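In the numbering used here, the protein residues as written are 35 to 777.
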Amino acid sequence: MSDPFELTDRPAIDPSLNDPSYDGASAHRAAYLETLNESQREAVETMDGPVLVLAGAGTGKTRVLTTRLGHILRQGRAAPGDLLAVTFTNKSAREMQRRVAAMLGTPVEGWWVGTFHALGARIVRRHAEAVGLKSNFTILDSDDQVRLLKQILNARDIDPKRFPARAFSTVIQRWKDRALTPEKVPQTDDALDGSAIGVYKEYQEHLKRINAADFGDLLMLCVTLFQAQPEILKSYQRRFRYILVDEYQDTNVAQYLWLRLLAQRHRNICCVGDDDQSIYSWRGAEVANILRFEQDFPGAKIVRLERNYRSGAHILGAASGLIANNEGRLGKTLWTDRTDAEKVRVRGVWDSQEEARWVCDEIEMRQTRAESLNSMAILVRTSAQTREFEERLITLGIAYQVIGGLRFYERQEIRDAVAYLRVIAQPRDDLAFQRIVNLPKRGLGQATMQTVHQDARARAVPLTTSIMELLSTDELKPRPRKTLNDLMTDFARWRRESQTRPPAELLDLVLAESGYLDMWKSDKAITAPGRVENLKELVLGLNEFETLTSFLEHVSLVMDNEDMKNVDKLSLMTLHGAKGLEFDTVFLPGWEDGLFPHQRALDETGVQGLEEERRLAYVGLTRARHSAYITFAASRQIFGKWQSSLPSRFIDELPLEHIERSRELGIAQGGADGNWKGRQHRTLDDTVFAPARNTVNGLEVGQRIFHQKFGYGQIRALDGEKLDINFEKAGAKKVMASFVEPT
DNA sequence: ATGTACAAGATTTTT
DNA sequence: TCTTGTACAT
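Below, the structure is given as structure tokens:
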């Protein structure tokens with residue numbers, strides 16, 4: 035099979051696509067443009083030059099994008115191989131492929147479609163040497179990244195209590211999102227007591243040593259490659275005659291630079307986005323990318339899509355009223371001619387368990403009315419919220435799937451098995467090696483590994499290289515030396531086998547010979563048999579792949595929850611995970627201040643954070659076609675402790691005419707006035723909504739306070755006479771109410 | 001080298 | 001509540 039990404043052989047367009055007598059999809063052909071509205075059509079048919087489509091939620095932007103792709107092919111303006119379509123999730127990439135195929139009546143092969151990361155990986159792999167890697171480099175996930183950083187910090191004697199590896203990981207990721215190599219990070223941006231740039235530099239060097247790249251590298255290296263090697267850039271510029279980008283509002287600086295470089299020659303770039311749905315600024319996304327589009331591409335055509343086809347009038351009205359509270363929007367006025375009578379239902383309950391019970395009862399009720407579970411979803415703010423719903427759903431026997439939860443490839447036994455394959459494919463992969471060096475237990479403990487680590491570090495070589503050297507000295511004790519020697523012999527043999535055997539067979543062999551499978555077989559834990567099953571499934575799944583490398587790339591970049599078709603299941607996911615999806619009925623639990631909007635967002639980025647949370651709420655609401663439910667609880671368990679909370683300020687912002695309120699008995703008559711700083715009151719009668727509001731010494735949750743010893747902070751929760759306060763300097767602390775004063 | 005017990009800490013959001 | 005890290009015994 036030829037590599038569709040090969041630059042030299044440009045896949046030709048399927049002649050049948052342009053043949054008028056071919057009627058593989060005559061229905062689609064006749065209809066594909068006629069069914070578009072005027073603005074959609076404009077976005078599809080403007081072929082030459084840059085196009086920016088400002089599309090509101092549910093206005094058919096994916097449809098525009100795919101129709102445009104099909105249209106380009108149908109007109110014979112480009113061959114599939116000349117197209118570059120970029121999305122954020124593999125799911126939407128697959129959806130795009132499916133739709134284009136449906137429209138043309140035949141599958142289209144050989145075009146570049148995928149996520150930024152997957153496409154970046156292709157390019158980096160092709161030119162790996164130019165960025166100091168070998169073409170079989172490993173792609174590290176964030177777990178590996180943190181583990182590697184831990185080692186670096188450990189060697190540098192950085193106190194993990196004060197500066198945990200996670201903090202460094204975040205800082206480095208942010209820099210990579212801005213395409214900043216260690217050399218380019220301004221000194222003034224150095225973080226974590228000025229140690230971050232140094233750590234970043236060492237981290238990058240370490241990655242090269244073990245021949246690995248992390249997610250951020252896939253794009254950053256691509257950008258630096260293009261900047262350093264104009265010839266390479268030119269070849270791609272020539273290649274991509276048409277570029278299409280979905281969810282443009284969520285592109286970060288690295289992605290933006292990448293696109294801008296690639297589009298320079300043909301300038302046929304079409305970006306589709308909605309500033310009101312920008313929810314990834316914490317990952318470096320810049321809404322500003324939309325604003326500067328016209329500057330970067332002078333003469334750009336701007337098309338607005340404002341007609342919403344998805345949601346009922348009340349849902350759209352509620353969402354629009356909510357998002358109107360944000361300032362600095364580009365401003366779109368979504369409209370619909372639907373006249374559904376269903377309002378957004380808002381309900382207050384006592385606690386999170388009651389919330390789960392009520393939501394799941396409602397789901398069950400809808401199910402008995404012949405609504406499919408596939409058409410319903412529960413969208414939560416934090417992944418921890420899914421647990422209570424899961425418990426309830428299991429009790430009721432409702433089938434569900436958690437999207438974005440623990441995936442197949444994230445399970446322990448699968449990661450272990452994959453680690454074996456990684457070491458076989460790439461002996462320099464230290465992180466994979468460390469994972470399995472003593473798994474199953476081989477008697478290689480701390481002492482031995484410490485010796486190896488020190489040697490590897492001193493000579494700046496990967497662990498396996500160091501071990502090969504150490505084996506010929508007497509630095510290691512006889513027992514571990516023999517064990518390591520055997521292990522290295524095993525790996526050498528497996529590596530030889532990998533040349534001739536298909537990957538599935540190889541894994542089967544490795545699992546048996548390493549004793550890893552036996553380890554689980556003899557394990558008495560209840561989870562053990564399941565793990566053995568999973569390993570069998572992995573071997574089976576490997577049959578699809580011809581090479582080890584292609585499988586490993588699939589695991590790290592393409593693999594996501596392959597939801598089983600034809601099974602009716604309720605979806606449970608975070609609001610972020612719901613981007614680009616739609617459901618008939620959507621449940622939005624946990625609308626409480628502190629949870630949604632999330633306290634961290636408010637603390638860290640203030641008004642900006644609040645606005646992003648509001649956009650997230652907007653995204654949530656606009657996922658619904660017919661029905662939307664919002665719930666909030668007066669108290670909720672966090673870390674196993676009950677905490678009281680107040681309804682989200684977003685609830686106050688929903689226009690009354692579009693919502694319908696209800697409450698659990700007894701929750702209502704709090705009678706508090708609900709005035710806290712920065713809170714704007716609209717006409718909503720708060721007494722109906724506010725659960726009995728706890729105050730201690732006149733202090734309440736969310737309030738800013740001052741403490742003699744710890745300084746300024748914000749009250750997170752009340753706990754009897756104690757307050758749980760998040761101090762700006764000192765962090766989270768519990769203090770007596772009598773020691774703080776309001777500011 | 002490995003197993004156990006207890007304490008401390010964690011949770012925004014992700015390709 | 002659940003997971004991870006540390007200290008100490010085996």
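Using N, Cα and C, we set each Cβ at its ideal position, and we do this for glycine too.
The model shown is predicted, which means the values in this text are computed figures rather than measured ones.
A433 and D489 have their C-alpha atoms some 53 Å from each other. Our two residues, E236 and K242, have alpha carbons roughly 10 Å apart in a direct line. Residue burial annotation: Q468 is buried, with at least 16 other C-beta atoms found within 10 angstroms of its C-beta. R634 counts as exposed, since fewer than 16 other C-beta atoms from the protein chains shown sit within 10 angstroms of its C-beta. In the displayed model, P537 falls within a helix according to three-state DSSP.
G307: member of the beta strand (DSSP E) spanning 303–307, first to last residue.
Of the residues assessed, Q419 falls on the buried side of the cut-off, its CB having 16 or more other CB atoms within 10 angstroms.
Distances from the alpha-carbon of L650 to those of Q221, A492, L622 put L622 closest. Below 8 Å, too few C-beta pairs join the region 85–100 and the region 314–321 to call them touching: fewer than three.
Take I157, set aside five residues on each side of it, and the residues of its chain with a beta-carbon closer than 8 Å to its own are C256, L259, Y270, in chain order. In this structure, DSSP gives S669 an extended state, which the three-state scheme calls strand. Following the DSSP letters along the chain, one finds H348 inside the alpha helix (DSSP H) bounded by residues 347–357.
In this structure, DSSP gives T619 an extended state, which the three-state scheme calls strand. When DSSP states are grouped into helix, strand and coil, K603 belongs to the coil group.
Counting only the Cα atoms, P84 lies some 9 Å from H300.
In the displayed model, Y343 falls within coil according to three-state DSSP, outside both helix and strand. Between G355 and E687, the gap from beta carbon to beta carbon is short of 8 Å. Three or more pairs of CB atoms, one per stretch, sit closer than 8 Å, so the region 120–135 contacts the region 145–165. L407 has its alpha-carbon roughly 5 Å from the corresponding atom of K603. Contact check for Y454 and S548: beta-carbon distance about 7 Å, within the 8 Å limit, so the pair qualifies. Taking the Cα positions, K516 is about 37 Å away from R441. Counting every other CB atom within 10 Å of its CB across the protein chains shown gives E281 a total of 16 or more, marking it as buried. Unbroken beta strand (DSSP E) runs of no fewer than 3 residues, entirely contained in the region 223–275, are found at 246–248, following chain order. For L591, the CB contacts under 7 Å within the same chain, skipping 5 residues up- and downstream, are H151, A152, A155, I173 in chain order. In this structure, the alpha-carbon of H741 lies about 29 Å from that of A667.
If the five residues before and after L267 are omitted, its C-beta is found closer than 7 Å to the C-beta atoms of F260, L295, all from its own chain and listed in chain order. Where D385 is concerned, the enclosing beta strand (DSSP E) starts and stops at 378–385. Pairwise C-beta distances place the region 134–144 in contact with the region 97–104, as three or more of them are shorter than 8 Å.
Here Y746 carries a strand assignment [DSSP, helix/strand/coil].
For F585, the enclosing alpha helix (DSSP H) covers residues 582–587. In this structure, the straight-line span from the alpha carbon of N519 to that of I560 is close to 34 Å. When secondary structure is reduced to three states using DSSP, K335 falls in the strand class. In the three-state DSSP reduction, M593 falls in the coil class, being neither helix nor strand.
Taking all protein chains in view, the Cβ of W392 is crowded by 16 or more other Cβ atoms within 10 Å, so the residue is classified as buried. For L644 and L636, the gap between their C-alpha atoms comes out near 6 Å. Collapsing the DSSP output to three states places M81 in coil.
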